[in-house]
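Participant:
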Amino acid sequence: MGVCEGCGQLILVLINVLFSVIGLALLVVACLVKFGSDVFDKQLNDGYAEFKQLIKDTFQGQDSAIDELDLGALIGDAAIAFIVIGAFFFLLGIFGCIGAICKVKCLLVVYMSILLTIFAAELVFVIMLFAAKDKIDGWLKTPLKDQLTDKYTGTNGTDAFTLTINFVMREFECCGIDKPDDFNDTKKWNRPIKDMVVPYICCHLPNDTECVTHPTLNNSYTEGCYGAINNWLTDKSHILIGVGSGVAAVQLILIISSLVICCQRRKENDDEYEDYKEDAPISPYRESAEAAHHNRAYASSQQQMYMEPPRDPGYNRNYPEPYKGRTDYYTAPPEGYGRQQNDYR
């Protein structure tokens with residue numbers, strides 16, 4: 132085994148073991164959250180209480196609604212996503228480990244295909260992010276505004292979308308998706324004040340009735356959350372670029388390592404075939420195209436040197452089975468026979 136192949140196997144095994152462990156952990160935790168929330172609550176009771184307290188601190192005055200919050204229902208969709216992600220990472224790690232250790236070419240090819248697909252998708256996304264940023268902003272803003280219109284239920288809401296948008300507005304000090312006017316067409320928001328145009332969470336001060344009815348630059352947040360998050364990502368771009376470059380480098384290392392093992396495996400197969408071809412006799416019974424070509428060329432050369440031997444089953448009677456009695460191919464004349472036709476009589 133070559134040095135490159137050994138290094139490739141070691142890299143694949145180590146990284147894919149890590150993938151498998153991370154994927155299995157995500158899968159187990161997500162399944163507990165989605166399908167066994169009671170068990171999850173008992174095992175992580177302290178963390179669950181802290182999570183509720185965090186929401187209470189963020190949305191002051193909403194204790195009664197938060198106490199009825201079901202963590203499993205809140206993050207049900209997120210749990211399904213984590214189940215899929217965990218299963219993907221686990222299976223990807225298993226494919227990589229088995230392919231590297233056992234040198235199974237088909238598994239390595241599947242593994243490389245998955246990594247190449249992910250890498251290509253990431254590359255296309257980065258290119259579009261710089262080349263068509265305005266279009267991407269439109270694609271993202273429109274469904275978010277539709278969700279706000281159809282699902283937002285106010286500061287008291289405990290559904291996943293309402294809690295998420297409220298948390299984002301509090302943390303990023305923003306209001307609405309694009310601007311505060313996004314709340315004008317909300318369908319499920321039961322406004323406690325008749326002329327209320329923005330929720331309390333958009334105000335600088337809690338329970339400011341003047342702010343929720345007449346928001347201004349002095350008493351409310353006027354920047355949309357999409358722009359606020361976009362600005363935050365721009366400020367952290369150096370971190371994102373570093374993380375993205377690291378992920379891309381790991382993917383390329385895994386792809387190259389898999390390719391090295393596949394090439395080495397192919398070379399070993401070719402060497403084994405060459406050794407077999409040199410040792411094995413060429414006979415009419417070999418089915419390969421190379422053997423057939425060899426037999427035809429050999430027969431043609433014998434026809435030029437000698438007269439055609441008689442097609443007599445007894446001619447090759449000294450050959451072992453299953454060659455004995457065959458007359459449908461040409462062979463070299465036995466030693467001692469001359470070039471004259473009389474020598475064959």
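Going by my numbering, the letters in the sequence shown line up with residues 132 to 476, in that order.
Yeah, the Cβ is synthetic: ideal placement off N, Cα and C, and Gly gets one too.
1) Checking the sheet assignment: what are the DSSP bridge partners for S351?
2) Where P440 and I232 are concerned, what is the direct C-alpha to C-alpha distance, given to the nearest angstrom?
3) Since I147 contacts G217 with CB under 8 Å, what's their CB separation in whole angstroms?
4) Taking the alpha-carbon positions, what's the N338 to F256 distance?
5) Taking N362 as part of the alpha helix (DSSP H), name the residues at either end of that continuous run.
6) Kindly indicate which three-state DSSP category P412 falls into: helix, strand or coil?
7) Buried or exposed, going by whether 16 or more other CB atoms sit within 10 Å of the CB of S244?
8) For S368, count the other beta carbons within 10 Å of its own beta carbon; 16 or more makes it buried, fewer makes it exposed. Which is it?
9) What does the alpha-carbon distance come out to for the pair I360 and W270?
10) List the whole-angstrom C-beta distance separating I372 from T344, where the pair is believed to meet the contact cut-off of C-beta under 8 Å.
11) Report the three-state DSSP secondary structure of N321 (helix, strand or coil).
12) Once DSSP output is grouped into helix, strand and coil, what is the label at A263?
13) DSSP three-state label for I308, please.
14) So is F166 buried or exposed if we call it buried at 16+ other beta carbons inside 10 Å?
15) Pull up the distance between the alpha-carbon of G285 and that of N349, whole angstroms please.
16) Quick one: grab the DSSP three-state call for D316.
17) In terms of residue numbering, what span does the alpha helix (DSSP H) encompassing N287 cover?
18) M327 by DSSP, collapsed to three states: which one?
19) To the nearest angstrom, how far is the alpha carbon of I386 from that of L247?
Facilitator: So, from the listed chains and residues:
1) C334
2) Its pLDDT being 49, under 50, P440 is placed unreliably in this model, and the coordinates cannot settle the point.
3) According to the sequence shown, residue 147 is Asn rather than Ile. N147 to G217, Cβ: 15 Å. No contact.
4) 42 Å
5) 356 to 366
6) Note that P412 scores a pLDDT of 48, beneath 50, so its modelled location is shaky; the value from the coordinates is reported in the next line. If DSSP states are grouped into helix, strand and coil, P412 belongs with coil.
7) exposed
8) exposed
9) 16 Å
10) In fact, because the Cβ distance is near 44 Å, the residues do not count as touching under 8 Å.
11) coil
12) coil
13) coil
14) exposed
15) 22 Å
16) helix
17) Looking at the DSSP string, N287 is not in any alpha helix (DSSP H), and its letter there is neither H nor E.
18) coil
19) 7 Å
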